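Here is the structure we will look at, set down as structure tokens.
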Amino acid sequence: MGQDSTGREDQQGLSRRRFLGAATTSAAAAGVTVAGCLSRGREPGSVVMTAASDVAGIMHSEGNDPSIQQALWDAGLDENIRVEIQTVVSDSASRMQTAQSALEAGRAPPDIHMMDSGWTVPFILRNQTVNLSERLPGETLQYVNDNYLEASLETARHPQSGELYALPMFPDLGFTLYRKDLIEDAGHDTSNWGTDPPSWEEFATAVRDARDQADLNYGYTTQAAAYEGLSCCTFNEVMTSWGGAYYGGANNLFTAGERPITVNEQPVIDAIRMMRSFIEGQEGNTLDKYAQICPSPIVQWTEQESLSPFSNGEAVSNRNWSYAIAETGTEDAFGENLGVMTRPYAVSQEEAEYQGTGGTTAALGGWNLAVSPYSDRQEEALQVLEAFANRNVMLTVFELGGFLPPNLDLVAEADPSDVGPVARYGDVVQSASENAIARPATDLWPEQSALIYQEVNAAYRGTKTPESAMSDLANELEQSESEVQTNGN
21 MGQDSTGRED QQGLSRRRFL GAATTSAAAA GVTVAGCLSR GREPGSVVMT AASDVAGIMH
81 SEGNDPSIQQ ALWDAGLDEN IRVEIQTVVS DSASRMQTAQ SALEAGRAPP DIHMMDSGWT
141 VPFILRNQTV NLSERLPGET LQYVNDNYLE ASLETARHPQ SGELYALPMF PDLGFTLYRK
201 DLIEDAGHDT SNWGTDPPSW EEFATAVRDA RDQADLNYGY TTQAAAYEGL SCCTFNEVMT
261 SWGGAYYGGA NNLFTAGERP ITVNEQPVID AIRMMRSFIE GQEGNTLDKY AQICPSPIVQ
321 WTEQESLSPF SNGEAVSNRN WSYAIAETGT EDAFGENLGV MTRPYAVSQE EAEYQGTGGT
381 TAALGGWNLA VSPYSDRQEE ALQVLEAFAN RNVMLTVFEL GGFLPPNLDL VAEADPSDVG
441 PVARYGDVVQ SASENAIARP ATDLWPEQSA LIYQEVNAAY RGTKTPESAM SDLANELEQS
501 ESEVQTNGN
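So for the sequence shown, the numbering used here puts the first residue at 21; every next one is plus one.
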């Protein structure tokens, strides 16, 4: 998933599910052991990396089963170097606090921190990651800079120097999943939706009609709880698709202190009003012409809560990450009746005022690998990162875990029988990468994210009007930005 991996389950056949289920369980237990033994010494050549159980479960294997570790060795990593996983929770905010505690204390291992793309930059700005532009081989850096998704690289570079301080392990992108069969049975043509998504109005009408004809409980499910996923991703997508922005456009995402605050402008307010229409229908603080398609509990839902009704056949559409495609696109689930696209939109890019807004969008998520400057095994850790920047390693991670490769060209090259349903939607993945919108990943983002999701969620629930919520938010963000100028950061 983009901002955490709760609920990810590999779906590439029964044998692989059994393998990964057992591997995840054993790896999680092993990870606890590693974490508990860090202060009591470790094997020579071991490199400790943080990861949640979804990655831990595919790092090592028993017997001849495939694993990331074997792929790293096959890519040229010294066979004396073994990656050990320090298992951490999947929740992104908790993982950030864990990394922050270790790095502020100058504690290592971990030698490699797996960092959310949304909060890597603050660690870079605090000099808490190793400069890879100075330490990785030139040919590796050239491959990364020439082939990796640029939006992911921006989350791993120093905002001023442009040097690379972390290596994207996998990106994630927001997708709109929908039942093609149900929508077309209701009389709507979805043949071009994959690469040319409809307007929000057209989408809402089609979802309502399909829900009603199929007599389903839900139309469209998404994530709207007061948590990071709302501010970084789902609201970011909706707002951007209306031409709105937090800070006046994509060119202001990675610098704080002197950027405009634009959350109280009309496109942002209209985006909230549309979501209110989806939740409440035509009551208060809504927009005309937008059908009621969302269940009211979405204001408390994160990824898995929103996916379950869709995967259970009770909803027409769901907004989620690539793992949801792997889960619902198998022949055992919806197969080719699963449609996938980026977000519908309200205004075109040409109509939008700010650069990088308008048109279809996909929130950027994913995880980066950063070497701790306090590690006494930096050379070994750097060799691990160099091996991760190998196409066969990326394909192995894609095949075993369903994680998109940072070189998205590999998606089109992959065989669906190896990597699962995601490969069937290679053109949509490419479109998502071209229309990706990152969160404003500055040192202020953790604080500002909380301000945003609290106010947006209040407006969604109707405890504040969209105008008052965004006015309050603008004042709070102005104060946050002014503190940067005052402190000279």
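Think of the CB as a built atom: it goes at the ideal place given N, C-alpha and C, for glycine as much as any other residue.
Predicted, not measured: the structure shown is a model, and the values here were computed from it.
Please report how far the alpha carbon of Thr260 lies from the alpha carbon of Thr70, in whole angstroms. 33 Å
Along the chain, where does the beta strand (DSSP E) that runs through Ala382 open and close? Ala382 to Val391
Have a look at Thr118, Thr242 and Leu428 and flag the residue whose alpha-carbon is nearest the alpha-carbon of Phe594. A question about residue 594 goes unanswered here, because the residues of the chain that appear run from 21 up to 509.
Check whether the segment 382-399 touches the segment 282-295, taking contact to mean three or more Cβ pairs, one atom from each stretch, closer than 8 Å. no
Near Leu497, which residues of its chain fall below 7 Å by C-beta distance, leaving aside the five closest residues on each side in sequence? Contacts found: Ile281, Val283, Gln468 and Leu471.
Determine the closest residue to Val141 out of His208, Ser121, Pro179 and Phe330, with distance taken between C-alpha atoms. Pro179
Asn455 burial status per 10 Å Cβ neighbour count (16 or more: buried): buried
Below 6 Å CB to CB, which residues in the same chain sit around His208 once its five sequence neighbours on both sides are set aside? Ala226
Give me the residue from Val404, Val360, Asn477 and Val442 with the minimum Cα distance to Leu197. Val360
Val54 in three-state terms, based on DSSP: Below a pLDDT of 50, predicted positions are generally treated as unreliable, and Val54, at 41, falls in that range; no measurement from the model is reported.
Which residue's Cα is closest to the Cα of Pro426: Met490, Asn412 and Asp438? Asn412
Taking the alpha-carbon positions, what's the Ala494 to Gly378 distance? 21 Å
In whole angstroms, what separates the C-alpha of Asp192 from that of Thr483? Using only the alpha carbons, I get a separation of about 32 Å.
Element boundaries [beta strand (DSSP E), containing Glu104]: Arg102 to Thr107
Quick one: residues in its chain with C-beta nearer than 6 Å to the C-beta of Asp463, no 5 flanking neighbours on either side, listed in chain order? Pro142 and Leu145
Is it buried or exposed, Gln89, if we count other Cβ atoms within 10 angstroms and call 16 or more buried? buried
Please give me, in chain order, every unbroken run of the alpha helix (DSSP H) with length at least 4 that falls completely inside the segment 110-173. 112-124, 140-145, 152-155 and 158-167
CB Ala461 to CB Ser172, shorter than 9 Å? no
Nearest to Leu156 by alpha carbon, out of Trp213, Ser121, Glu503 and Val404? Val404
When the distance is taken between beta carbons, is Arg279 closer than 9 Å to Gly263? Between Gly263 and Arg279, the CB-CB gap reaches or exceeds 9 Å.
Contact set for Ala382: own chain, Cβ-Cβ below 6 Å, skip 5 residues either direction: Leu193, Gly194, Thr362, Ala452, Asn455 and Ala456
Taking 8 Å as the cut-off, does the CB of Tyr163 come closer than this to any heavy atom belonging to the ligand GTP? The ligand GTP is not part of this structure, which contains no ligands at all.
Determine contact between the segment 337-348 and the segment 429-448, defined as no fewer than three beta-carbon pairs at a distance below 8 Å. yes
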